[in-house]
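These notes are about the structure you will find just below.
Right, dumping it as structure tokens:
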């Protein structure tokens with residue numbers, strides 16, 4: 001406990017002694033990391049949603065662009081897997097069954113068409 005208090009005090013002193021430029025750079029770095037985490041979370045949610053729909057044999061080809069998978073991502077970029085599972089379960093009751101592929105790309109516009117090769 002004693003070390004944590006000392007570490008916190010040292011961090012506070014360092015922060016108070018940083019120049020304005022260093023503070024701006026640190027804030028920009030934090031903002032960029034949050035944006036990257038959010039984008040990654042959105043891409044992951046779209047992929048997980050599509051995978052869950054395929055596993056449930058749901059044909060999303062006509063509705064994929066209407067599904068906002070970003071709603072399953074919090075501000076830190078964490079994906080709500082339980083929410084995705086519940087949504088897919090609900091869709092399974094009303095959506096047409098597929099032949100094995102959803103046919104839709106559920107990623108947001110920023111990442112659509114920017115698939116990376118795994119090779």
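Residue numbers (my numbering): 1 to 119. For glycine and all other residues, C-beta sits at the position ideal for the given N, C-alpha and C. On a predicted model such as this, the values are computed, not experimentally measured, just so you know.
- Task: My understanding is that residue 95 touches residue 59, with C-beta atoms under 8 Å, so please give their C-beta distance in whole angstroms.
- Result: 6 Å
- Query: Can you tell which of 77, 86, 18 has the C-alpha that lies nearest to the C-alpha of residue 53?
  - Reply: 86
- Around the C-beta of residue 69, are 16 or more other C-beta atoms found within 10 angstroms, so that it is buried, or is it exposed? buried
- Which stretch, first to last residue, makes up the alpha helix (DSSP H) that contains residue 97? Looking at the DSSP string, residue 97 is not in any alpha helix (DSSP H), and its letter there is neither H nor E.
- Item | Assumed close pair residue 12, residue 77 - CB separation to whole angstroms, cut-off 8 Å | No, residue 12 and residue 77 are not in contact; Cβ-Cβ is about 27 Å, not under 8 Å.
- Query: Do you know offhand how far residue 30's Cα is from residue 97's?
  - Reply: 44 Å
- Delimiting residues of the alpha helix (DSSP H) encompassing residue 77: Run containing residue 77: none; DSSP gives neither H nor E here.
- Item | Distance, residue 25 Cα to residue 63 Cα | 42 Å
- Query: How would you call residue 50, buried or exposed, if buried means at least 16 neighbouring beta carbons within 10 angstroms?
  - Reply: buried
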